[in-house]
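Worksheet for the structure shown next.
Residue numbers (the numbering used here): 3 to 64.
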């Protein structure tokens, strides 16, 4: 059962990277900017790990 679908998408180029957030398909405020892809990927991983600690589960496309 899915109570609420939140999608995080990593995007960027030219030393400016963002994490886009959408809740139930509605865009929310993006997170960033990050100065490097490594920094953005680390923040993305931390964000996903934090959400998992609250009971959130990953949904994989079939």
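The C-beta atom is built at its ideal place from N, Cα and C for all residues, glycine as well. Only a predicted model underlies this, so the values are computations on that prediction, with no experimental measurement involved.
Checklist entry - Can you round the beta-carbon distance between residue 29 and residue 20 to whole angstroms, since I take them to be within the 8 Å contact cut? => result The pair is not a contact, with the Cβ atoms about 12 Å apart (cut-off 8 Å).
Checklist entry - Since residue 22 is in the beta strand (DSSP E), which residue starts that stretch and which ends it? => result Annotation for residue 22: the continuous beta strand (DSSP E) segment containing it runs 18-25.
Item to check | Backbone secondary structure at residue 34 - three-state DSSP | outcome: Residue 34: strand per DSSP, three-state reduction.
Checklist entry - When the Cα of residue 8 is compared with those of 17, 16, 24, 15, which residue comes out closest? => result Taking only the C-alpha atoms, the option nearest residue 8 is 24.
Item to check | Alpha-carbon to alpha-carbon, residue 16 and residue 52 | outcome: If you draw a straight line from the Cα of residue 52 to the Cα of residue 16, it is about 28 Å long.
Checklist entry - Can the beta-carbon of residue 42 be found less than 7 Å from the beta-carbon of residue 12? => result Contact: yes.
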